[in-house]
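Residue numbers (our numbering): 2 to 287. Below: the structure, in structure tokens.
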């Protein structure tokens, strides 16, 4: 009835039309909103389903892994059964009441053995280090000893060389001493000969004369007397057409010792050399 009334009234019809259109749009809008909500809900459920499937797959893999480990442990347990049976037989021979106590005791022994082995290893390493250090010291000692022996050999060589040179110098010194002794003897002989010659020539020694050991002045006096003898011993006298040579009066006996005086002229030069040698020797000995 209401619909008929609305169709009969134009305004009402238009209003009805508008309301129908608005209602249709509202219905379509509600349907769209329900569709979007359903879609979001479906996506959420799909995501949760995928996560659950992944979790189920992970749990399955863990279950398989646990089964494998269980089988491995069962196999290991089967391997260890003989040992347990052996421990049970051994347990009957000991004071322990169960296998766990015996196993603990054995583990303690193994731990002590490991500790002792480690300590022994450390001691062995320390001993090896000490051996290496000792060997190094021995090598250094041998090297030092070799160097000292080489140095000692060089010193011995130098000592032998010095001894050889000392022998040479000792021989030379002995020769010098022998020569000096001979020269000293000759000097004494010359001194006494000079003194005799000086006295023979009329020279005076002692108080008022020359010193008895002043050989140089005695020789000089003899030489002067010789020159005087030459000057006084020969005189030239001119006569008619001839030259006469006559010997003067003997002067201190020089006509008998002229030849001796000639010899002592040479002796004087040698004596001076001997005196110079004696002075040089005295300076060197001081």
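No residue lacks a Cβ here, since even glycine has one placed at the ideal position from N, Cα and C. Quantities reported herein were computed from a predicted structural model and do not represent experimental measurements.
Tell me whether the beta-carbon of residue 223 lies closer than 7 Å to the beta-carbon of residue 196.
no
Quick check on the DSSP output: the alpha helix (DSSP H) that includes residue 195 runs from which residue to which?
100-201 is the extent of the alpha helix (DSSP H) around residue 195.
Would you tell me roughly how many angstroms separate the C-alpha atoms of residue 207 and residue 214, rounded to the nearest one?
Roughly 10 Å separates the two Cα atoms.
For residue 92 versus residue 103, is the C-beta spacing smaller than 7 Å?
In this structure, residue 103 lies closer than 7 Å to residue 92 by Cβ.
C-beta atoms of residue 192 and residue 216 nearer than 7 Å
yes
Expressed to the nearest angstrom, what Euclidean distance is found between the alpha-carbon atoms of residue 151 and residue 157?
10 Å
Going straight from the alpha carbon of residue 130 to that of residue 118, what length do you get?
18 Å
Below 8 Å on the Cβ atoms is my guess for residue 210 versus residue 203; work out the distance and round it to an integer in Å.
Rounded, the Cβ-Cβ distance is 11 Å, inconsistent with contact.
Same chain, Cβ closer than 7 Å to residue 219, neighbours up to 5 away in sequence not counted
A distance below 7 Å between beta-carbons, with the five flanking residues on each side excluded, links residue 219 to the following residues of its chain, in chain order: 195, 196, 199, 204 and 211.
Taking all protein chains shown into account, decide if residue 145 is buried (16 or more other Cβ within 10 angstroms of its Cβ) or exposed.
exposed
Return the Cβ separation of residue 97 and residue 106 in integer angstroms, given the expectation that the two are a contact with Cβ distance under 8 Å.
7 Å
Once the 5 residues before and after residue 4 are set aside, which same chain residues still bring their CB inside 7 Å of it?
Here residue 4 scores only 44 on pLDDT, less than 50, and its place in the model should not be relied on; the value that follows carries that caveat. If we look at residue 4 and ignore the five residues flanking it on each side, it has no Cβ neighbours.
Please check if any C-beta of chain D sits within less than 7 Å of the C-beta of residue 148.
The displayed structure is made up of one protein chain only, and chain D is not part of it.
Would you please state the rounded distance, in angstroms, between the beta carbons of residue 108 and residue 100? I believe it to be under 8 Å.
12 Å between Cβ atoms; not a contact.
So is residue 60 buried or exposed if we call it buried at 16+ other beta carbons inside 10 Å?
Label assigned to residue 60: exposed.
Taking DSSP as the reference, what is the three-state secondary structure of residue 211?
strand
What's the call for residue 246, buried or exposed, on a 16-neighbour Cβ count within 10 Å?
Confidence at residue 246 is low in this model, with a pLDDT of 33, below 50, so its placement is unreliable and no value can be given for it.
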